[in-house]
Ligand code: NDP
């Protein structure tokens, strides 16, 4: 299937006849050639989705929920193969890819439930203060939607968009990242295997500048949901502004982790490492700015250095590996560029800072920590999207909150404290979409995902994720006519 696109329920050749090489970032070997779509293929995919919308949008929520549950069960049945495919393409340890697949299953099941509940929400009476009139509301699918995803959590980010879009009654065209298309293409095979009507899901691989921009500019697309960088998010927004179309943006982050003076230092060490070195730091929600109370900084930094240097780097499939390579050569170069910039700025390295030793091939970088990073340093302010942690100390709760909120982004934050009231008080003052107290980054389908400030527009997951694909319609009339 890799040399074809999934359009109108079938695997079809790309009109350009061109292919894109897909690389395993641990070995740098080409592991597949996928068909490279073109604007003509986007046209075919949107036409198929438009034709399918006529029927799919009229199905009941219960019918759509049954398809979503069937998809969840198919993913479950093939979970190990999907995880392996994802690891081999993205480079993440197999244990992490397994968590991704489990998250995707949970998301499909969750939106199956919301689809089933939609039927009872239709034609709901809306009480009016105005006498003599009656009004009721309906929730209707937005139309044909375009979904654009990045490469750091393939299959999960996709589930966060595809499952609620289908639950709402939309049909769609998915554009995977050209870096990690393999596991995304499996969704086409899964859709076929559960008998999803042709054209409801279409998958077109290809470059962002070709296929992505053709999708955002297409007149028959009702809405775009985009996850990716701020740079491309702005381009997508401009394209949609011309057509006044709906848009959800999940963009970058530079999230803080606050460690208070009463923190348990061993637990703090685990949570800090998880927040920055999971997925080799390629997480929009990476807690890449560490704020530590000055009274505990020396002990905590000692523990962090030892734990970071003990992390096992390696191939995704090697037993016990805790961190894989960066997912692409381009991302490797970006992250090394930031590390070199930090060194040129004279920042103090606690550990790391080099291409990892012992690997003849692969985009491996040592997990890196800079300390005492000034707040005007590019490394403190910009999203690096790699295994690079920047640390500063603070002396009071108020200063910690000010430093944490001093960012263009507002996606997530972490707080570590044994004083629950204090942690809650701080959480309420942080400008971020998701705050974790004393935990790793737990993301459940029931909770929202998205950010304040430049981290994006709108929310995914939870009921908000479904609402993003629904139009609200009210029907109002005089009671006398009834
Ligand atoms: P990019 O913005 O480069 O790419 C994201 C997607 O957009 C890819 O599929 C890409 O295609 C496509 N694209 C590129 N150019 C265009 C265009 N002109 N029009 C339409 N689509 C286009 O991001 P990355 O893939 O590098 O992902 C990393 C970024 O994503 C980080 O900044 C990160 O913070 C953010 N992110 C945010 C998340 C969130 O939930 N807030 C979650 C995960 C990541 P192609 O692959 O061909 O370039």
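In this note's numbering, the protein residues as written are 14 to 495.
Just so you know, even glycine gets a beta-carbon here, dropped at the ideal spot from N, CA and C.
Asked	Found
Can you tell me which of the three DSSP states residue 300 falls into?	coil
Only counting runs of 3 or more residues, tell me where the beta strand (DSSP E) segments fall wholly within the stretch 112 to 191, in order along the chain.	146 to 154, 157 to 161, 184 to 188
Which residues in the same chain have their Cβ closer than 6 Å to the Cβ of residue 74, if we skip the five residues on either side of it in sequence?	128, 129, 131, 132
Quick one: is residue 267 buried, meaning 16 or more other Cβ sit within 10 Å of its Cβ, or exposed?	buried
For the beta strand (DSSP E) holding residue 311, just list the boundary residues, first then last.	No beta strand (DSSP E) contains residue 311, which is instead part of the alpha helix (DSSP H) from 310 to 322.
According to DSSP, simplified to helix, strand and coil, what is residue 213?	coil
Helix or strand or just coil, what does DSSP make of residue 32?	strand
Residue 359 by DSSP, collapsed to three states: which one?	coil
Please list the segments of the alpha helix (DSSP H) lying wholly inside the stretch 251 to 296, counting only runs of 4 or more residues, in order along the chain.	278 to 290
Quick check: is any heavy atom of the ligand NDP less than 7 Å from the C-beta of residue 242?	yes
Would you identify the three-state DSSP class for residue 21, choosing helix, strand or coil?	coil
I'd like to know whether the C-beta atoms of residue 375 and residue 96 end up nearer to each other than 8 Å.	no
What span of residues does the beta strand (DSSP E) with residue 473 cover, start to end?	Taken as a continuous stretch (DSSP letters only), residue 473 belongs to no beta strand (DSSP E), as it is neither H nor E.
Following a CB-centred definition, is residue 165 positioned closer than 7 Å to any heavy atom of the ligand NDP?	yes
What residues in its chain sit with their C-beta under 8 Å from that of residue 308, if we drop five residues either side in the sequence?	274
Just how far apart, CA to CA, sit residue 485 and residue 240?	24 Å
Just the Cα atoms here: how many angstroms apart are residue 136 and residue 89?	35 Å
Any heavy atom of the ligand NDP inside 7 Å of the beta-carbon of residue 457?	no
Check the DSSP bridge columns for residue 486 and list the partner residues they point to.	151
If we ignore side chains and look at the alpha-carbon of each, how far apart do residue 299 and residue 167 end up?	17 Å
Are the beta-carbon atoms belonging to residue 64 and residue 182 less than 8 Å from one another?	no
Could you compute how far the alpha carbon of residue 184 sits from the alpha carbon of residue 98?	26 Å
Just to confirm, does residue 462 get its C-beta within under 7 Å of one of the non-hydrogen atoms of the ligand NDP?	yes
In the DSSP output, what is residue 491 paired with across the bridge?	146
Whole angstroms is fine: what's the gap from residue 150's alpha carbon to residue 260's?	23 Å
Does DSSP put residue 105 in a helix, a strand or coil?	coil
From 46, 353, 454, 368, pick the residue whose C-alpha is nearest to that of residue 390; which is it?	353
Do residue 381 and residue 400 have their C-beta atoms within less than 8 Å of each other?	yes
Take residue 47 as the anchor and find which of 341, 350, 192 has the nearest alpha-carbon.	192
According to DSSP, is residue 373 helix, strand or coil?	coil
State yes or no: is the C-beta of residue 195 within less than 8 Å of the C-beta of residue 439?	no
For the structure I just gave you, are there three or more beta carbon pairs, one from the stretch 470 to 487 and one from the stretch 159 to 174, closer than 8 Å?	yes
Tell me which residues share the same chain as residue 305 and place their Cβ nearer than 7 Å to its Cβ, disregarding the 5 neighbours each side in the sequence.	272, 313, 404, 406
Span of the beta strand (DSSP E) holding residue 429?	425 to 429
Quick one: using the 10 Å Cβ neighbour count with 16 as the cut-off for buried, is residue 143 buried or exposed?	exposed
What residue ranges within the stretch 377 to 430 form continuous beta strand (DSSP E) runs of no fewer than 3 residues, ordered along the chain?	381 to 384, 401 to 407, 425 to 429
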